[in-house]
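Here the structure comes first, spelled out in structure tokens, and everything after it is commentary.
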Ligand SMILES: *Cc1c(COP(=O)(O)O)cnc(C)c1O
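In the working numbering, the protein residues as written are 11 to 295.
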């Protein structure tokens with residue numbers, strides 16, 4: 011399988027111009043952040059491996075992307091979860107539904123302590139050194155674009171979960187990379203960076219209040235709808251809504267500077283189906 015450079019598009023949101031790197035459009039099945047992080051596994055052959063094993067939540071983007079990867083490579087896929095909500099079992103939607111259709115074996119048990127030699131373990135969310143391979147490709151696409159378009163003073167933003175993507179982007183890019191913490195808090199994110207690198211970290215933008223990952227917030231729903239209306243682009247509700255709130259605050263504080271702003275759309279919209287059901291239920295009753 012081959013995928014090409016994802017496009018970069020110009021948009022206006024709330025009267026401010028932004029460039030958007032459309033990694034959500036990288037490929038029909040294998041796109042977004044997790045496609046970049048699992049690129050190493052896509053392009054390399056593992057002749058002695060029959061199965062990939064991972065763990066995490068039953069709705070995760072990583073789970074879905076690994077199911078695609080395993081299907082492409084003809085590998086089995088065992089995915090360990092703590093718990094599958096009964097409504098999801100009865101009514102599979104989103105990442106869970108499509109990962110099952112791709113042949114995932116979902117296992118409601120603790121992750122075993124060891125695996126046989128024919129199994130390859132990938133830790134939750136793809137927070138692994140191997141992720142740097144695909145993220146370097148992404149960084150090079152951005153560098154080439156900026157050179158060709160003669161774009162200077164570029165500030166790049168992407169929201170973080172494990173922080174793996176923003177960390178490696180900063181490593182491979184000559185521009186400042188900005189991010190915000192979506193899964194844990196700012197301290198958690200910094201610890202995550204330190205697990206993989208010693209220095210040269212992205213700039214963490216502070217959130218104005220504490221948010222809990224996966225919970226519903228009216229302002230997340232509002233900015234999601236506003237982005238869709240003004241730009242015609244569907245962004246993810248788990249990371250991008252908070253990402254845009256943080257990034258827009260930052261951009262508004264830099265108004266007199268001559269910066270160009272690039273936002274990286276990291277996909278994840280399959281997960282929106284279940285989130286939108288919950289939002290509609292809560293706010294549009
Ligand atoms: C996984 C994911 C992220 C977070 O990426 P990290 O490398 O874990 O920081 C952000 N956005 C989307 C859509 C994702 O799927």
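The beta-carbon is built from N, C-alpha and C at its ideal position, and this holds for glycine as well.
Name the DSSP bridge partner or partners of residue i?
{"i": "residue 275", "result": "32"}
{"i": "residue 191", "result": "170"}
{"i": "residue 19", "result": "30"}
{"i": "residue 186", "result": "165"}
{"i": "residue 175", "result": "DSSP lists no partner for residue 175."}
{"i": "residue 88", "result": "63 and 115"}
{"i": "residue 241", "result": "Residue 241 pairs with nothing; no bridge assigned."}
{"i": "residue 129", "result": "61"}
{"i": "residue 214", "result": "189"}
{"i": "residue 270", "result": "164"}
Going by beta-carbon coordinates alone, are residue i and residue j separated by less than 8 Å?
{"i": "residue 95", "j": "residue 135", "result": "no"}
{"i": "residue 23", "j": "residue 241", "result": "yes"}
{"i": "residue 49", "j": "residue 147", "result": "yes"}
{"i": "residue 64", "j": "residue 76", "result": "yes"}
{"i": "residue 130", "j": "residue 59", "result": "yes"}
{"i": "residue 62", "j": "residue 87", "result": "yes"}
{"i": "residue 213", "j": "residue 186", "result": "yes"}
{"i": "residue 78", "j": "residue 39", "result": "yes"}
{"i": "residue 226", "j": "residue 288", "result": "yes"}
What is the rounded straight-line gap between the Cα of residue i and the Cα of residue j?
{"i": "residue 250", "j": "residue 264", "result": "20 Å"}
{"i": "residue 156", "j": "residue 176", "result": "18 Å"}
{"i": "residue 122", "j": "residue 91", "result": "12 Å"}
{"i": "residue 125", "j": "residue 167", "result": "38 Å"}
{"i": "residue 253", "j": "residue 82", "result": "31 Å"}
{"i": "residue 270", "j": "residue 162", "result": "7 Å"}
{"i": "residue 201", "j": "residue 110", "result": "33 Å"}
{"i": "residue 116", "j": "residue 255", "result": "35 Å"}
{"i": "residue 154", "j": "residue 165", "result": "15 Å"}
{"i": "residue 85", "j": "residue 132", "result": "14 Å"}
{"i": "residue 105", "j": "residue 114", "result": "11 Å"}
{"i": "residue 244", "j": "residue 291", "result": "19 Å"}
{"i": "residue 282", "j": "residue 208", "result": "35 Å"}
{"i": "residue 199", "j": "residue 170", "result": "8 Å"}
{"i": "residue 203", "j": "residue 233", "result": "28 Å"}
{"i": "residue 246", "j": "residue 37", "result": "17 Å"}
{"i": "residue 217", "j": "residue 57", "result": "45 Å"}
{"i": "residue 239", "j": "residue 184", "result": "33 Å"}
{"i": "residue 143", "j": "residue 51", "result": "10 Å"}
{"i": "residue 128", "j": "residue 80", "result": "14 Å"}
{"i": "residue 68", "j": "residue 15", "result": "30 Å"}
{"i": "residue 108", "j": "residue 230", "result": "25 Å"}
{"i": "residue 101", "j": "residue 284", "result": "10 Å"}
{"i": "residue 220", "j": "residue 286", "result": "22 Å"}
{"i": "residue 259", "j": "residue 112", "result": "40 Å"}
{"i": "residue 118", "j": "residue 70", "result": "15 Å"}
{"i": "residue 74", "j": "residue 21", "result": "29 Å"}
Throw me the rounded Cβ distance for the residue i and residue j pair, which I believe falls under 8 Å.
{"i": "residue 275", "j": "residue 31", "result": "6 Å"}
{"i": "residue 261", "j": "residue 26", "result": "6 Å"}
{"i": "residue 190", "j": "residue 206", "result": "Actually they are not in contact, since the Cβ atoms of residue 190 and residue 206 sit about 18 Å apart, beyond 8 Å."}
{"i": "residue 210", "j": "residue 181", "result": "6 Å"}
{"i": "residue 55", "j": "residue 42", "result": "Contact doesn't hold; Cβ gap of about 24 Å is too wide."}
{"i": "residue 178", "j": "residue 141", "result": "7 Å"}
{"i": "residue 188", "j": "residue 224", "result": "Between residue 224 and residue 188 the Cβ distance is about 23 Å, and since that is not below 8 Å, they are no contact."}
{"i": "residue 46", "j": "residue 145", "result": "6 Å"}
Around the C-beta of residue i, are 16 or more other C-beta atoms found within 10 angstroms, so that it is buried, or is it exposed?
{"i": "residue 267", "result": "exposed"}
{"i": "residue 139", "result": "exposed"}
{"i": "residue 280", "result": "buried"}
{"i": "residue 93", "result": "exposed"}
{"i": "residue 159", "result": "exposed"}
{"i": "residue 172", "result": "buried"}
{"i": "residue 89", "result": "buried"}
{"i": "residue 272", "result": "buried"}
{"i": "residue 174", "result": "buried"}
{"i": "residue 293", "result": "exposed"}
{"i": "residue 97", "result": "exposed"}
{"i": "residue 235", "result": "exposed"}
{"i": "residue 295", "result": "exposed"}
{"i": "residue 99", "result": "exposed"}
{"i": "residue 228", "result": "exposed"}
Looking at the C-beta of residue i, does it have a partner C-beta in chain C at a distance below 8 Å?
{"i": "residue 53", "result": "Going by chain labels, chain C is absent from the structure shown, which holds only one protein chain."}
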